[in-house]
Each structure stands twice: as C-alpha cells, then as structure tokens.
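Engineer: Okay, so the sequence shown: first residue is 11 according to the numbering used here, each after it adds one.
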Amino acid sequence: MAMTPEHRPRRAILSLLIALIAVLASAAWAQSPSEQVERWGVYEVVLKGPAEGTPFVDVSLSAEFTNGDLRVKMPGFYDGDGVYRLRFSPGRQGAWTYRTTSNVAELANQEGRFTCIAASGANHGPVTIVNTHYLQYADGTPSYAVGTTAYQWTSVKQSIQEKTLQTLATAPFNKIRMCVFPKSYSYNQNEPQYYAYEGKPPKDWDFTRFNPSFWRHFETRVRQLRALSAEEAAWLAGTVKPRHKPF
11 MAMTPEHRPR RAILSLLIAL IAVLASAAWA QSPSEQVERW GVYEVVLKGP
61 AEGTPFVDVS LSAEFTNGDL RVKMPGFYDG DGVYRLRFSP GRQGAWTYRT
111 TSNVAELANQ EGRFTCIAAS GANHGPVTIV NTHYLQYADG TPSYAVGTTA
161 YQWTSVKQSI QEKTLQTLAT APFNKIRMCV FPKSYSYNQN EPQYYAYEGK
211 PPKDWDFTRF NPSFWRHFET RVRQLRALSA EEAAWLAGTV KPRHKPF
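1) Using a threshold of 8 Å, state whether the C-beta atoms of A206 and F191 are closer than that.
2) Where does P182 land, buried or exposed, given buried means 16+ other C-beta within 10 angstroms?
3) So is A129 buried or exposed if we call it buried at 16+ other beta carbons inside 10 Å?
4) Could you have a look at V67 and say whether DSSP puts it in helix, strand or coil?
5) Could you tell me whether the Cβ atoms of G86 and Y94 are closer together than 8 Å?
6) If you draw a straight line from the alpha carbon of Y88 to that of V52, how long is it in whole angstroms?
7) Taking the CB atoms as reference points, tell me whether N198 and S165 lie closer together than 8 Å.
8) Would T107 and A118 be called neighbours here (beta carbons separated by less than 8 Å)?
9) Can you give me the C-alpha to C-alpha distance between Q72 and S99, rounded to a whole angstrom?
10) Grouping DSSP H, G and I as helix and E and B as strand, with all else coil, what is V190?
11) For K185, tell me which candidate among Q171, E208, W163 and T158 has the shortest Cα-Cα distance.
12) Looking only at its chain, what residues have a beta carbon closer than 8 Å to the beta carbon of T151, apart from the 5 residues adjacent to it on each side?
13) For R226, which residues in the same chain have their Cβ closer than 8 Å to its Cβ, ignoring the five residues on either side in sequence?
14) Under a Cβ-count criterion, where at least 16 other Cβ atoms within 10 Å of its own Cβ denotes burial, should E116 be classed as buried or exposed?
15) Using the Cβ count rule (16 or more neighbours within 10 Å means buried), how would you classify V176?
16) With distance defined between alpha-carbon atoms, name the residue in Y161, L57 and F217 nearest to Q120.
17) In the region 212-252, which residue ranges form an unbroken beta strand (DSSP E) of at least 3 residues, counting only runs that do not cross its ends?
18) For A179, does the three-state DSSP call read helix, strand or coil?
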C-alpha cells in the first residue's frame with residue numbers, strides 16, 4: 011500500500027523513537043564508530059547523504075546486523091546537515107557484520123563489521139522482568155532503583171540543567187524520571203531553548219522536519235546521566251498539557 015503524506019511523519023517519528031529507545035536501553039555509549047563495542051553498548055554507523063528536500067520522511071534507511079544465525083534489522087535516521095545515523099546495541103558477543111538498505115543509492119549497500127566484546131564495569135545490560143514482580147539486568151545482576159523525578163530538566167535554563175547534574179552526582183539516586191518533550195505546568199513556565207520540530211510556537215509546526223538541535227541536546231544530557239550511572243525512565247510527555255503541543 012502506498013504511503014500517504016499523513017503517514018510519512020508517523021514513520022519518521024517511529025524510526026527516531028526506536029533509535030532513541032536503543033540509546034536509553036543501553037548501558038554504554040559509543041562516542042563514534044569503532045571496530046569494537048561492548049555487549050549492550052551502542053555501535054553507530056554514520057553516513058553522508060542528501061540534505062535537500064524533506065529527508066526525514068523522503069529517505070528510508072535501515073541496516074541488517076548479522077552474527078551467525080542472528081539477524082537484527084534496525085532503522086536509521088536523518089540527523090541534519092546531510093548526516094544519517096544507524097545505531098545498534100548488540101546483545102551477543104563475537105563478530106558482527108552489517109549491510110544497509112535505502113531508497114537513496116549513496117546510502118544503500120554500505121557494509122561494515124565490528125567485534126562485540128564482553129561488557130565491563132557498570133555495564134550490566136538492559137533491565138528485564140523476572141518472576142513477575144522483580145527486575146534484573148540482562149547479565150543477571152539484580153536491579154534496585156532509587157529514583158527521583160525531574161520531568162522538564164532538559165527544557166529549563168541551561169544553568170538549572172547543569173545544577174541538576176551536579177546535584178545528582180552527590181545524591182543517592184540511580185534513576186531519574188523525565189520527559190522527552192517540553193510541557194507547561196506549575197514548575198515550568200519558560201520557553202525551552204529547543205523544540206522537537208522546526209516551526210514557530212504556539213501552533214506553526216512542520217511535522218515533517220525534526221529539529222536536530224533538540225535531539226542532540228537531549229542525547230548529550232542522556233550521556234551525562236550515563237556517566238553518573240543514572241538510568242532514565244523517559245516519557246514522551248506527561249499528563250499535563252504539552253507546551254504548544256510540539257508533537
């Protein structure tokens with residue numbers, strides 16, 4: 011069935027959210043593409059491609075990652091400035107290969123390989139449910155979450171964001187519940203520095219164009235939480251009315 015214009019933004023949103031989930035679920039972050047990555051870390055493929063038109067919805071990109079009999083297909087996404095990214099968190103050690111698929115020739119049939127090595131340090135893998143009522147990491151380590159809530163900490167003033175990180179560094183919390191998108195409520199009345207889409211508040215949004223600066227900033231904050239061994243319980247938005255409904 012042909013994809014209608016109203017379906018395209020949904021596809022773009024889904025692809026980006028899947029990539030975001032892969033980042034949040036991993037216990038380590040790869041700063042750049044590497045020939046080795048830890049189990050449950052993040053391996054990233056960076057490609058150059060077209061920047062004209064509306065690449066968020068017009069360009070499709072995915073890759074199949076293979077390790078023996080295991081094959082995993084992951085969607086890629088456009089990150090602005092002609093840059094396309096694929097991110098993959100391997101759950102099995104050993105040699106991996108990948109091959110890309112795209113409707114754009116310069117992004118299609120790109121191949122590579124890397125080695126997944128043993129996890130180290132505080133990298134225990136994603137959290138899973140065991141025996142209905144308990145949580146543990148993928149390597150069997152019990153998960154005990156002591157959390158706090160800071161829904162809008164990535165949308166408030168930069169000085170407050172930095173203070174939040176400083177506070178968490180000395181606090182007993184290892185989990186933080188936070189929102190992805192900005193929202194307006196009694197503790198947050200300011201306009202955020204970045205919005206998720208291009209456009210103009212309060213209602214003039216282009217849902218076919220993400221704002222890469224918003225997502226890069228969010229990822230920076232996620233990496234900083236990782237450095238503090240703090241896990242994120244990320245909501246798209248809370249139950250309070252979203253600020254200017256940016257999604």
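Here a beta-carbon is modelled for each residue, glycine too, at the ideal position from N, C-alpha and C.
Structural biologist: In short:
1) Going by C-beta atoms, A206 is nearer than 8 Å to F191.
2) exposed
3) buried
4) helix
5) yes
6) 17 Å
7) yes
8) Not a contact, by the Cβ cut-off of 8 Å.
9) Looking at the sequence itself, residue 72 is Ser, so the reference to Gln does not match. Spanning the two alpha carbons is a distance of roughly 14 Å.
10) In the structure shown, V190 sits in coil (DSSP, three-state: anything other than H, G, I, E or B).
11) Across the set Q171, E208, W163 and T158, the C-alpha of T158 shows the shortest separation from the C-alpha of K185.
12) H134
13) D89
14) exposed
15) The amino acid at residue 176 is misidentified as Val; the sequence shows Gln. So Q176 ends up on the exposed side.
16) Comparing Cα positions, the closest option is L57.
17) 214-220 and 241-245
18) Here A179 sits in helix by DSSP.
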